[in-house]
Amino acid sequence: MKEIKIHIEGMKCEGCVNRVKNVIGSLKDVSTYDVSLENKELVATVKKEKVIPKILSKIDALGFTASVEE
């Protein structure tokens, strides 16, 4: 398992946070996750790193811009 941080540009309210949470919560290779409006980021524990591009594309599909923080 690996912890990742993804910066999410464009979130402006708790509704945005809930939309991201709903999408991330539906992914089976994500064990735990938290979305912060204040930090504009997702912190998640993933079972397999191959799910990271899927996370990014799902967030982008919501109208936000997602990028992995190094």
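Just so we're aligned: the sequence shown equals residues 1 to 70 in UniProt numbering. We put the beta carbon where it would ideally sit given N, CA and C, even for glycine. Bear in mind the structure is a predicted one, so any value in this text is a computation, not a measurement.
Worksheet item: Who are the near neighbours of D29 in its chain, counting only those whose CB is closer than 7 angstroms to its CB and skipping five residues on each side?
Response: So the qualifying residues of the chain are V46, K47, K48, V51.
Worksheet item: How many Å lie between E14 and V23 at the Cα?
Response: 14 angstroms
Item to complete: Would you decide whether M1 is buried or exposed? Buried here means 16 or more other CB atoms lie within 10 Å of its CB.
Response: exposed
Worksheet item: Buried or exposed: V20, going by 16 or more other Cβ atoms within 10 Å of its Cβ?
Response: buried
Worksheet entry | Closest residue to N18 among V68, E70, I59, E69 (Cα-Cα distance) | I59
Practice prompt. Determine the contact status of K54 and L37, defining contact as a CB-CB distance below 8 angstroms.
Written response: no
Worksheet item: Taking C-beta to C-beta, are A66 and I4 nearer than 8 angstroms?
Response: no
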